[in-house]
Each structure stands twice: as C-alpha cells, then as structure tokens.
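In mature numbering (1 follows the signal peptide of the UniProt record, and there is no 0), the protein residues as written are -35 to -1, 1 to 263.
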C-alpha cells in the first residue's frame, strides 16, 4: 500500500478551502450562489434578448384599480404588480400619459414591465390638459401614494423608484427627476417640454424620441433634452426608426426592450442587463440612432 505524504502548505490550503466552503454552506449559499447574493435586488431568471423582447416576463401579474376619489394630487390609475411575494420586494415605476390622454394610452406598459419584476402604476392626471410641471408633481404624488398608502406598499422597496411618461408626461418625467434626485431611473417617451435644458438631473435617464415626430420633433425636444444632461450622468438617447409621436401609445418591442433594460440596470442595479445597453445598440430597422455613455458608472 502506498502512503501519500502531503506538505504543510498543501494541508493548510486544503483546510482553508474546507473552511471557506463550510462558511458558505453555513449561510445557506452554495459556492455558485455567491454572485447572486452580491446584489439582493436581482429579480427573475438570467436575461436574454428573447426574454426582454417577450410580451410577458417570468412573473404572473395582478392588478388593482385606484379611484381618483381615494387619492389626492393625481387622478387615480391602475397598479400592476407581480402576484408572488416569494422574491421579496420590488422596485416601482409610475407612468404618466400625454396631453389630452388617459392612462389607457400607456396601459400596455403596465403588465409588460410588471411581469419583468416591477410594481407599475399607470396614472390618470388631474385634467387631460395638465402641463409638464403639473404632471411631474403628479408623478411624485403617485409614487408617494404607492409607497405609503396603497394596498401593495409592502411589496415595494421605497428606495428603488422610477418615472416614465409620454409626450407631456415625458416632459413631466424630467420635471419629477429634477425635483426628486433620489429617483433611480427616468424615461421620457417622445417627451414634450418648453424647458429643453436639464443640467440639474441626477437620475439615470433614457430619452426616447421618434424620427417622424411632428408634435415634439426630436430636434427641438428629445435631442436637446439629452444633450443638456450632465456628461457625468448615466444617460442614453434612443431615436426610434419609422416612428411617430404616438408610437409609445401601442405595444412596441423596441421601447419595451430598452425600457426594461434601463429600469433593471438602474432601479435594481442589475448589471446582468448591461449587455443590452453597452456596447451601444446599433442602427437597425427599428433604431434610427442610439447614443449614450458606456460603460455605466452607477
């Protein structure tokens, strides 16, 4: 019988490995689970192009209606949320419609984003004629309602919030981010605002414009919005190809794909989604242009 004799360094290395493994097991983590534990906000399976382009994500979604009579500061709306509570709390996003429009005009985003692991609130505004500054205040009022009063408040991590909006709601998105710098993500969709300079923003912002927009042409709205954002800010400009001002009012895979990636990356700090944002997406049948800073810093 051959005896194996090990040197002291080898023995010490083996003991150290055993202790490390025991430590992981003692916390309930297998060695391969450490990466996931590094970011407690990751929600859902490993993402892929097909998963972020899908009409629904991995979470079953429930919804609840919020009457305008039961709230103040905005016009009520619909909350969409993952049905299961097994994964803990979720980040939340409030979305405003545009001028003369109701929440029905942006309703498609509710279940689509919620099924990816967010609580989503599509709102009505106090009047359909409200200007961007008012819509910005209403977005923040809706976030406060969602996190403090709503029936789903226990499902939300109030430190991980974002805003979106279409047209004047997009202009309101910029106003909300200016007022509340703690927001983690902002996405104006073919936004309209007479204020075109936003150097005060500290929230990672994805500006979405449309090449055929004649209501809020990109040259006088979305492009100056983007250019005015601080150079140090995580930001991007997505110009849709073959699109109009009203493209965000219908289900759109390109808008969903990059909105999901942006919200995941900055609300959840989920760097698994960085691959869809950096390197910068290239022009295609649906993308006229994409600009941004890569890699992202926050």
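Ideal placement from N, C-alpha and C gives every residue a C-beta, glycine not left out.
By alpha-carbon distance to residue 117, the top candidate from 238, 203, 45 is 45.
Apart from the 5 residues on each side of it in sequence, residue 226 sits with its Cβ closer than 7 Å to the Cβ of 17, 238, 241, 242 in its chain, given in chain order. Runs of the alpha helix (DSSP H) spanning 4 or more residues and lying entirely within the segment 33 to 116 occur at 74 to 79, 97 to 113, in chain order. Ranked by Cα distance from residue 158, the first of 141, 201, 168 is 141. When beta bridges are read from the DSSP output, residue 200 appears opposite 170.
Annotation for residue 10: 16, 23 place their beta carbon closer than 8 Å to its own, counting only its chain and skipping 5 residues before and after.
Here residue 200 has 169, 170, 171, 172, 191, 194, 257, 258 as same chain residues with Cβ atoms under 8 Å from its own Cβ, once five neighbours each way along the sequence are excluded. Residue nearest to residue 3 within the set 245, 234, 252, 253 is 234 (criterion: CA-CA distance).
Residue environment analysis places residue 183 among the buried positions, since at least 16 neighbouring C-beta atoms fall within 10 angstroms of its C-beta. The beta carbon of residue 89 is closer than 8 Å to those of 33, 39, 40, 41, 42, 62, 67, 68 in its chain, skipping five residues each way along the sequence.
Counting C-beta pairs closer than 8 Å gives fewer than three between the segment 195 to 215 and the segment 92 to 104, which falls short of the contact rule. Within the same chain, Cβ atoms closer than 8 Å to the Cβ of residue 216 are found at 20, 73, 77, the five residues on either side in sequence being excluded. Short of 8 Å from the beta carbon of residue 84, and not among the five residues preceding or following it, lie these beta carbons of its own chain, in chain order: 44, 45, 46, 47, 55, 56, 57, 58, 111, 117, 120, 121. The beta-bridge partner set that DSSP reports for residue 127 consists of 58, 150.
Taking 7 Å as the cut-off, the Cβ atoms of residue 127 and residue 153 do not count as close. In the DSSP assignment, residue 252 is bridged to 205. Buried is the label assigned to residue 228, since at least 16 other Cβ atoms lie within 10 Å of its Cβ. For the 7 Å CB-CB criterion, residue 87 and residue 65 do not form a contact. Taking the CA atoms as reference points, residue 115 sits about 24 Å from residue 7. In its chain, beyond the 5 residues on either side, 199 have a beta carbon closer than 6 Å to the beta carbon of residue 261. Under DSSP, the beta-bridge partners assigned to residue 257 are 201. Excluding five sequence positions before and after residue 189, the CB atoms of its chain that fall closer than 8 Å to its own CB belong to 161, 162, given in chain order.
Under the three-state reduction of DSSP, residue 234 is assigned to coil, being neither helix nor strand. In the displayed model, residue 29 falls within a strand according to three-state DSSP. For residue 192, the uninterrupted alpha helix (DSSP H) run begins and ends at 187 to 193, by DSSP. With a cutoff of 7 Å on beta-carbon distance, residue 149 and residue 231 are scored as near each other. Looking at the DSSP output, residue 184 bridges to nothing.
When DSSP reads this structure, residue 121 sits in a beta bridge with 55. Secondary structure note for residue 15: its alpha helix (DSSP H) is the uninterrupted segment 14 to 18.
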